[in-house]
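S.K.:
Protein chains: 2
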Amino acid sequence: MMDAKKVTALLRKKGFKVTPQRLAIYNVLCNTKAHPNAEMIFNKLQPYYPTMSLATIYKTIDILKEINLIQIINVGEDSLRYDAVVKSHSHIRCTVCNKVEDIMDFDFTPAIKDVAQRTSYDLSGQQFYFYGVCPECQAKANRKIG
Amino acid sequence: MMDAKKVTALLRKKGFKVTPQRLAIYNVLCNTKAHPNAEMIFNKLQPYYPTMSLATIYKTIDILKEINLIQIINVGEDSLRYDAVVKSHSHIRCTVCNKVEDIMDFDFTPAIKDVAQRTSYDLSGQQFYFYGVCPECQAKANRKIG
DNA sequence: TTTATATTAGATAATAATTATCCACAAAAA
DNA sequence: TTTTTGTGGATAATTATTATCTAATATAAA
Ligand SMILES: [Mn+2]
Ligand SMILES: [Mn+2]
Ligand SMILES: [Zn+2]
Ligand SMILES: [Zn+2]
Chain A
1 MMDAKKVTAL LRKKGFKVTP QRLAIYNVLC NTKAHPNAEM IFNKLQPYYP
51 TMSLATIYKT IDILKEINLI QIINVGEDSL RYDAVVKSHS HIRCTVCNKV
101 EDIMDFDFTP AIKDVAQRTS YDLSGQQFYF YGVCPECQAK ANRKIG
Chain B
1 MMDAKKVTAL LRKKGFKVTP QRLAIYNVLC NTKAHPNAEM IFNKLQPYYP
51 TMSLATIYKT IDILKEINLI QIINVGEDSL RYDAVVKSHS HIRCTVCNKV
101 EDIMDFDFTP AIKDVAQRTS YDLSGQQFYF YGVCPECQAK ANRKIG
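Protein chains in written order, with full-length UniProt numbering: chain A, 1 to 146; chain B, 1 to 146.
(1) Per DSSP, what kind of secondary structure is Glu101 of chain A in: helix, strand or coil?
(2) For a minimum of 4 consecutive residues, which ranges assigned as the alpha helix (DSSP H) are wholly contained in the region 57-138 of chain A?
(3) Look at the Cβ atom of Leu80 of chain B, then the Cβ atom of Asn27 of chain B, and state whether they are nearer than 8 angstroms.
(4) Counting only beta-carbon atoms, is Tyr58 of chain A nearer than 8 angstroms to chain B?
(5) Pick from A:Gly15, A:Phe42, A:Lys6 and A:Cys137: whose alpha carbon is nearest that of Gln21 of chain A?
(6) Would you say the beta carbon of Lys99 of chain B comes nearer than 7 angstroms to a heavy atom of ligand 4?
(7) Examine ligand 4 and report whether any of its heavy atoms sits within less than 7 angstroms of the Cβ of Cys137 of chain A.
(8) Mark Val115 of chain A as exposed unless 16 or more other C-beta atoms lie within 10 angstroms of its C-beta, in which case mark it buried.
(9) Note down, in chain order, each residue of its chain lying with its Cβ closer than 7 angstroms to the Cβ of residue 154 of chain A, except the 5 sequence neighbours on either side.
(10) What three-state label does DSSP hand Asn37 of chain B in the structure shown?
(11) Does Phe130 of chain B have its Cβ less than 8 angstroms from a Cβ in chain A?
(12) When DSSP labels each residue in this structure, what does Thr8 of chain A get in the three-state scheme?
(13) Less than 8 angstroms between the C-beta atoms of residue 183 of chain A and Asn68 of chain A, yes or no?
(14) What residues of chain B sit near Thr95 of chain A, judged by a beta carbon separation below 7 angstroms?
(15) Where does Tyr48 of chain B fall in DSSP's three states?
(16) Starting from the beta carbon of Pro50 of chain B, find every residue of chain A whose beta carbon is closer than 7 angstroms, and list them in chain order.
(17) Rank A:Ile61, A:Phe16 and A:Pro135 by C-alpha distance to the C-alpha of Asp122 of chain B and give the top, closest one.
(18) Going along the chain, which residues of its own chain have a beta-carbon closer than 7 angstroms to the beta-carbon of residue 233 of chain B, five neighbours each way excluded?
(19) Identify which residue in A:Arg93, A:Gln46 and A:Gln117 has its Cα closest to the Cα of Gly132 of chain A.
(20) Determine the extent of the alpha helix (DSSP H) in which Val18 of chain B is found, giving its start and end residues.
(21) Taking just the CA atoms, how far does Tyr58 of chain B sit from Pro47 of chain B?
(22) Can you pull the chain B residues whose beta carbon is under 9 angstroms from the beta carbon of Pro135 of chain A, in chain order?
(23) Who are the neighbours of Ile145 of chain A on chain B, taking C-beta pairs under 8 angstroms?
(24) Using a Cβ-based criterion (distance less than 7 angstroms to any ligand heavy atom), does Cys30 of chain B qualify as near ligand 3?
(25) So is Asn31 of chain B in contact with chain A if we call contact Cβ pairs under 8 angstroms?
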């Protein structure tokens, strides 16, 4: 989560040019908790950058990922989602409305150690995804039934 | 993990016809620990069913999933993998050779309870994926360096 | 500020996993 | 058997993502 100045400096340092499109895409990711996919970012920016193409979104995402400004989230949908919070944390997706929310401060450590020991793998990362029905969708369902 | 007779009975009970292709595809999944994707299954069966098409693989997988004979594994590759072990268990993928292995008997219970309580979601499932370098690939790397 | 040059944005086409469609034919029921 | 319903395989469609190409742009040097 960096401000525009720091992002500018980092892009330059890594040999990438700084463009309004790149800053705008990163800015969208910093200002949402919705874990948008490429198309959602595209739609968000459409009013302000009407000529921007999806290819630009994807290319920018590659760069942001490479310089570790974002992480990629694969919750088993047909498209990937992106997150400006790079600290490792797990996610939960509502199987009704498909929103993806954070589960912060979930302690992986014991699990990771256990797995490393039992598999003899040299672990580099992990992803924990949860699925279920969110409280809002539960309430809606209850209203319909009750 | 069912034998052919039980699978036959189950397919019939659920209103699906029993065909050699369907039994063969399920059989492949029962006799491997490689977590194959559609193409790997296709290649495995090619010598014995030279006219079988990928569409048949996909359609059969849909059915096997629907009657809960297999589970679908999404380890963040460009294709999905399939597993005849339907009991919930986590997986680890080697980032060098891309093999996917089981991590059995990993106890999710505390994590699941913790998450259910903190999110108020009505949980229906979860997926834990680990990434790293497998012992074999570690050995290979060491040989090259040492 | 102007200029030089390396990169980029956007248009467009390509890729590749998965899904849909269609029909001769096979499996189960009668 | 005969009938009926569902299926396999061929083929086309879909769709997220990636590749390619070129005019335009960001940036550093002059
Ligand atoms: Mn997140
Ligand atoms: Mn498995
Ligand atoms: Zn919901
Ligand atoms: Zn390996």
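The C-beta atom is built at its ideal place from N, Cα and C for all residues, glycine as well.
M.R.: According to the structure data:
(1) strand
(2) 109-119
(3) no
(4) no
(5) A:Phe42
(6) yes
(7) no
(8) buried
(9) This structure cannot speak to residue 154 of chain A, because chain A is shown only from 1 to 146.
(10) strand
(11) yes
(12) helix
(13) With chain A represented from 1 up to 146, any question about residue 183 of chain A goes unanswered, as that position is not in the structure.
(14) Ser124
(15) coil
(16) Going along chain A, no residue has its Cβ under 7 angstroms from Pro50 of chain B, so there is no contact; the nearest lies around 31 angstroms.
(17) A:Pro135
(18) Chain B is shown from 1 up to 146; residue 233 of chain B falls before or after that span and cannot be answered.
(19) A:Arg93
(20) Counting along the chain, Val18 of chain B falls outside any alpha helix (DSSP H), and DSSP gives it neither H nor E.
(21) 18 angstroms
(22) Thr119, Ser120, Tyr121 and Asp122
(23) Near Ile145 of chain A there are no residues of chain B at all, since even the closest Cβ is about 14 angstroms away, more than 8 angstroms.
(24) no
(25) no
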